[in-house]
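There are 2 protein chains.
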Amino acid sequence: MEWQLIIERLNSLLSANRHNELRGALMMLNVVDIAEFLSTLETDKMLKVFRILPKDISADVFSYMDDTQRQKLIESIGDSEIGSLISDMFIDDAVDFLEELPAGLVKRVLANVDENSRKIINRFLSYPEYSAGSIMTIEYCDFHMGITVHDALKELKRTGVDKETIYTLYVLDAQRKLLGTVPLRKLILADDDVKIENLMNPNFICANTHDDQEAVADLVRKYDLLSVPVVDKEGRLVGIVTSDDIIDVIEEEATEDIEKMNALLPSEDEYMKTSVWTLAKNRLPWLMFMMISGIFTGLIILHFETVLTAIPDLGLALTACIPMLMGTGGNCGSQASTLAIRGLAVGEIAPSDAPGILWKEFRVATIVSVVLAVISFVIQTLIFSRSCLVALTVSLAMIATVVLSKSIGCTLPVLAKKLRLDPALMAAPLITTIVDACSLMILFFFSSVIIH
Amino acid sequence: MEWQLIIERLNSLLSANRHNELRGALMMLNVVDIAEFLSTLETDKMLKVFRILPKDISADVFSYMDDTQRQKLIESIGDSEIGSLISDMFIDDAVDFLEELPAGLVKRVLANVDENSRKIINRFLSYPEYSAGSIMTIEYCDFHMGITVHDALKELKRTGVDKETIYTLYVLDAQRKLLGTVPLRKLILADDDVKIENLMNPNFICANTHDDQEAVADLVRKYDLLSVPVVDKEGRLVGIVTSDDIIDVIEEEATEDIEKMNALLPSEDEYMKTSVWTLAKNRLPWLMFMMISGIFTGLIILHFETVLTAIPDLGLALTACIPMLMGTGGNCGSQASTLAIRGLAVGEIAPSDAPGILWKEFRVATIVSVVLAVISFVIQTLIFSRSCLVALTVSLAMIATVVLSKSIGCTLPVLAKKLRLDPALMAAPLITTIVDACSLMILFFFSSVIIH
């Protein structure tokens, strides 16, 4: 059925107060879709529908609702309801939610969960933001050495229902040190009396609590994992990160890179929910920096005043070429820096490749610049009937600008990586600013040589 | 152990021809790492090591090797070896590999697999590129209605070892129409005599063979799925897409967007493996287009010749402001378009939000432009001691440029989406080109008004 039609039907059941039928209809939907339906409702209606939901899925639905609605819900429901709601959530979802909540509400929530959950949540809240610890969950299945396949499966039946994933099982020693991992498929396919250590992979991939979430995402991507165990300094298993959270991390990191590459301070909130003031604040720093750079670039023009005023017609023709030259230089630089930044981000390029990249970009720039210079020469002479000398000056300046901007564009991101800065900062806006100044100097240098 | 040390140890075993020990050492590694080790070797050594690998993991290792090496390997091994290698791979990996192979080799490979595999591979190769059909695999577990949990688990033990994932099971009718999905966890946790239809979710999420891979990625992201069933027009199950492939799709789509946003024709190959000519070819179209636009932008300067030459000092001061004004306009436009493009890509913004976005950007632009205009005014008058009139002209032009460029920047991507074009094309390079022309006209318009 069309989503629009589903919404209409649910709404008509809701406004007719036919709660049992509404509950029945909601049960036919995926929890993600129920959360989406709730997001279309006003607060009082949303509360009503949320209360209609069966208890066993309300925590799941809550995990997928948006922060504003969740906060409103928490503010409106009773203390005991809060307690059971949070206890029914997976730890990683609960922590995610609490991180976005105002401090006062966090206090109230934590006061209403049992002591054990409170301790765990507090520990999780203390991991650094964007670390493996901050995105992991504790709902995994672990076993000790010596257990047989038969007993492990029996144990799984008893405890597995509350786990976020049971598809990878973890084998621990008495100190909870992680010894190996067993994919559930191996357990299912093995004979009943086999010992779990005979199925276990002792060369497992794992992350540390303080590893950056991006490093964990790299592991999942590289080794095609469904989940990654997270251990503390002593090698004890403290949590797992599941692939659905990794998909979110990969998406967020791409967004962050794209924002940085376009002169924006990264923001975590959705565009439509971010205030005008915050948006302005995220944009001003780079704009101010680049405007001031632009002012100084303008000084180059004043410095070469004599070139522009000596022969007024020539000066005007040169001035008319500034937008083309600056634009082309900026675009060339941004192309080169984009490939370098993305290559570094997805691991296709290493800083040690720098000489190879520079040599490659130099050759690409030579081809590209000669083609552009010829086109420019033809247009300047044939269409605008400028003198060959002017057209030649501009074409030579074009070649030099393209080669220089491609070289700068591919070098700066790699250099940033070597200096442990974020390569994404060395993108179009900064490159353009640098290249603008260079292209003006190149143009005026060639012009003054030719005039003399 | 450090990766560098592992490589050294493997290399020393290899050069000492201690093959049994080498095989033992390789067995301690993940297949992904074995493939990485192979990629460091020359062809003859690589072939030697590949042959040492136990048969049951060589197909897995082959799946993770890079295309150049795989092609060399296929060219060097015998027909029967090719046949068993391809038959041991998952269909999606085999199809991926064949898609990159020269036609002659594809023919040889297909001639050496059994008829059934050949038929399946040929069908998969015929799905459109980037469709769900082209990235799906057929190694899934399906059951018919009526089977009990006990029998399903017994069946799984028999057949599951060759499946890419057994964590979601599919229930089919006699015509192979998909009726529902059962997560393995439900099967494990259920009692032996329960019928599979009682565990099954009839409201499953699924994709069609011709759906775009990006749409499948959206489903996985939205519903946190481990795999998505793919059905044909009649609703019959024909394959599944697993989350590891979706992670690759999400990564590729982000790369493609970033490339398009920076005036590059998207390329699928790694930067270091792409030839200089291909790189140049991918960059020239946009560069030529934007260079020619730049030439026409320059005509604006010639058109307002009188403004620049009437009072030479004023003309020079205005010319000196061109880089700053064009730069700031371009940056403002690129910021706005980036947020719109990314918002559309991750589904945070819908084309119907257009009026809201425009109103928001208008307010952000007002704040940002006033701040920039004040800073510019202060710098122009106090530091460069230009007349208040010139400084005011520039500041007014700044405000108009910023407001206009933010409006254009946020509108064009949404408009592109409405016209079913790719919003990523409406990014910095194109926006900058448009804004460059606008900012010049605005500057000269204000200047001529003030001069008169």
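The listed protein sequences correspond, in order, to chains A and B. For what it's worth, the working numbering labels the leading residue of the first sequence as 435, then goes sequentially. For what it's worth, the working numbering labels the leading residue of the second sequence as 435, then goes sequentially. Yeah, the Cβ is synthetic: ideal placement off N, Cα and C, and Gly gets one too. Please read all numbers here as calculations on a predicted model, not as lab measurements.
Around the beta-carbon of Ser727 (chain A), 16 or more other beta-carbon atoms lie within 10 Å, marking it buried. Nearest in C-alpha terms to Val529 (chain B), of all of B:Ser565, B:Glu589, B:Pro488, B:Gly512, is B:Ser565. Rounded to the nearest angstrom, the gap between the Cα atoms of Leu713 (chain B) and Val837 (chain A) is 14 Å. Proximity to Thr740 (chain B) across B:Val883, B:Ala641, B:Ser839, B:Thr731 peaks at B:Val883, based on C-alpha coordinates. By the Cβ-count criterion, Lys694 (chain A) is buried, with 16 or more other Cβ atoms from all chains shown falling within 10 Å of its own Cβ. Interface criterion not met: the Cβ of Ile833 (chain A) is under 8 Å from no Cβ in chain B.
For Thr502 (chain B), the uninterrupted alpha helix (DSSP H) segment begins and ends at 501 to 510.
Taking a cut-off of 8 Å for Cβ pairs, the region 841 to 859 of chain B and the region 807 to 814 of chain B do not touch, as fewer than three such pairs fall below it. Nearest in C-alpha terms to Leu633 (chain B), of all of B:Ile622, B:Cys640, B:Thr643, is B:Ile622. In the three-state scheme derived from DSSP, where H, G and I count as helix and E and B as strand, Gly781 (chain B) is classed as coil.
A residue is called buried when at least 16 other Cβ atoms come within 10 angstroms of its Cβ; Asn765 (chain B) meets this threshold and is buried.
When DSSP reads this structure, Val824 (chain B) sits in no beta bridge, so it has no partner. Taking a C-beta distance under 8 Å as the contact criterion, Leu460 (chain A) and Phe484 (chain A) do not qualify as a contact pair. With respect to Thr762 (chain B), Met875 (chain B) sits apart: the two C-beta atoms are not nearer than 8 Å. Nearest CB-CB separation between Ala714 (chain A) and chain B: below the 8 Å threshold.
Between the alpha carbons of Pro663 (chain B) and Leu439 (chain B) lies a distance of about 42 Å. Rounded to the nearest angstrom, the Cβ distance from Thr676 (chain B) to Thr571 (chain B) is 7 Å, consistent with a contact under 8 Å. For Val628 (chain A), no beta strand (DSSP E) run applies, since DSSP gives it neither H nor E. Val804 (chain A) sits in a helix when the DSSP states are folded into three classes. Taking the CA atoms as reference points, Asp691 (chain A) sits about 6 Å from Ala858 (chain A).
In terms of Cβ geometry, Leu612 (chain A) and Leu603 (chain A) do not form a close pair [threshold 8 Å].
When Cβ-Cβ separations below 8 Å define contact, Asn765 (chain B) makes contact with chain A. At a beta-carbon threshold of 9 Å, the residues of chain B lying near Gly790 (chain A) are Met706, ordered along the chain. Given a length threshold of 3 residues, each whole run of the beta strand (DSSP E) inside the region 561 to 641 of chain B is given here in chain order: 575 to 578, 602 to 606, 612 to 617.
According to the DSSP assignment, Ser786 (chain A) belongs to no beta strand (DSSP E), since it is labelled neither H nor E. In this chain, the alpha helix (DSSP H) harbouring Thr743 (chain A) covers 739 to 744.
The criterion of a C-beta distance shorter than 8 Å is satisfied by Ala751 (chain B) and Arg820 (chain B). The alpha-carbon separation between Val616 (chain A) and Tyr498 (chain A) amounts to approximately 30 Å. Neighbours of Pro700 (chain B) across chain A, judged by C-beta separation under 8 Å, do not exist; the nearest C-beta is about 11 Å away.
Within chain B, the residues placing a beta-carbon under 9 Å from that of Glu685 (chain A) are Arg655, Ile684, Ala688, Val780, ordered along the chain. Proximity of Ser551 (chain B) to chain A, defined by a Cβ-Cβ separation below 8 Å, is not satisfied.
Its chain contains Leu532 as the residues whose beta carbon lies nearer than 6 Å to that of Val540 (chain A), once the 5 sequence neighbours on both sides are disregarded; these appear in chain order. If you draw a straight line from the Cα of Ile791 (chain A) to the Cα of Ser709 (chain B), it comes to about 12 Å.
Within chain A, no residue has its beta carbon less than 8 Å from that of Trp437 (chain B); the closest one is some 12 Å off. Note on geometry: alpha-carbon atoms of Glu687 (chain A) and Glu687 (chain B) lie some 13 Å from one another. Within its own chain, the residues whose Cβ lies closer than 6 Å to the Cβ of Val869 (chain B), once the five positions on either side in sequence are excluded, are Gly763, Gly764, Gly767, Ser839, listed in chain order.
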